[in-house]
Structure formats: C-alpha cells, structure tokens
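Here the working numbering is used: the first residue of the sequence shown is 759, the next is one more, and so on.
The C-beta atom is built at its ideal place from N, Cα and C for all residues, glycine as well.
Let me begin by presenting the structure, written as structure tokens, before commenting on it.
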Amino acid sequence: MRISTKGRYGLTIMIELAKRHGEGPTSLRVIAGAHDLSEHYLEQLIAPLRNAGFVRSIRGAYGGYVLGHEPETITAGDIIRVLEGPITLVEGIEEEEPAKRELWIRISEAIKNVLENTTLDDLANHTTITESDAYMFYI
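Spelled out as structure tokens, the structure:
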C-alpha cells in the first residue's frame, strides 16, 4: 500500500482544520502557504472531503472551510479512504500459500487498526517527545 500526495496533503488539510476547530473558517490559501503546497492542488482534494461530509465550505470575504464533524470522530482511515480508495496491502492473496496469506492479512489489519484508531484530534494535538524528555527522571 502506498499513500500518494492526495492522501498526505488531504491529511494536512484536515489536521490544519482540526487545529483551528471552533475558530471559524480557514482558507486553503492559508494552509497552502503554511505548508508550501499548491493551493490549486488542495482545491482538488477538498471536493471529495466536502462530498463525504468531512468539511463544510463557508462563503464570503472571510470564508473558507471548517470541519463537518468533531475532530475526535474523524479518523485518518476515513480521510485516506475518501482520497485514495479502499485500504488494501496486497491483492489476490487467496492464491498465496497459507503462511504468506496470514502474514499479508496481519500486516493489513495492523495498518487498518492504526488508521482507524488515530483521530484528527490525536494528530492535531500531537506533541513530539524528545529523547531527553523520554529519559528524564525527577526526584
């Protein structure tokens, strides 16, 4: 399974909207500028997200996009499926020998599990733990 720029940039849009959730609409120009992405390309990606109900458009001089649902209810898997299609690792595994078939199934289930259990809220509020933080003990 390979996630293309559609999925990656679509996640970028949605994470930015989640970070600004409750603050009003955000334009694609702001998101494109913040991440050095093509605004035109983001416009192509927002349509399927809007059609799926994950974003709503707000018209007007101060318009833009807002999330269609709470960030805790939208998963990375939801977004990837809308933009990339079904999440499949290997096709035609029925014809594989049992050991390899089981391996492909386990890997596929692990990937789906991560995508389905990671919400926009998780991604928007992600903090990086530095190595020094991970081993810091306080007495």
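Beta-ladder partner(s) of residue 816, from DSSP: 822
8 Å Cβ cutoff met for residue 820 and residue 804: For residue 820 and residue 804, no; Cβs fall outside 8 Å.
Verify whether the separation of the beta carbon atoms of residue 869 and residue 772 is less than 8 Å. no
Span separating the alpha-carbon of residue 835 from that of residue 802: 19 Å
Just to confirm my understanding: we take residue 849, look at its own chain, exclude 5 residues before and 5 after, and list those with CB closer than 6 Å. What are they? So the list is empty, once near-sequence residues are dropped.
For the alpha helix (DSSP H) containing residue 866, name the first residue and the last one. 856–874
Range covered by the alpha helix (DSSP H) that runs through residue 849: Unbroken run through residue 849: none, as it is neither H nor E.
Quick one: using the 10 Å Cβ neighbour count with 16 as the cut-off for buried, is residue 792 buried or exposed? exposed
At what residues does the alpha helix (DSSP H) containing residue 842 begin and finish? Run containing residue 842: 834–842, per the alpha helix (DSSP H) assignment.
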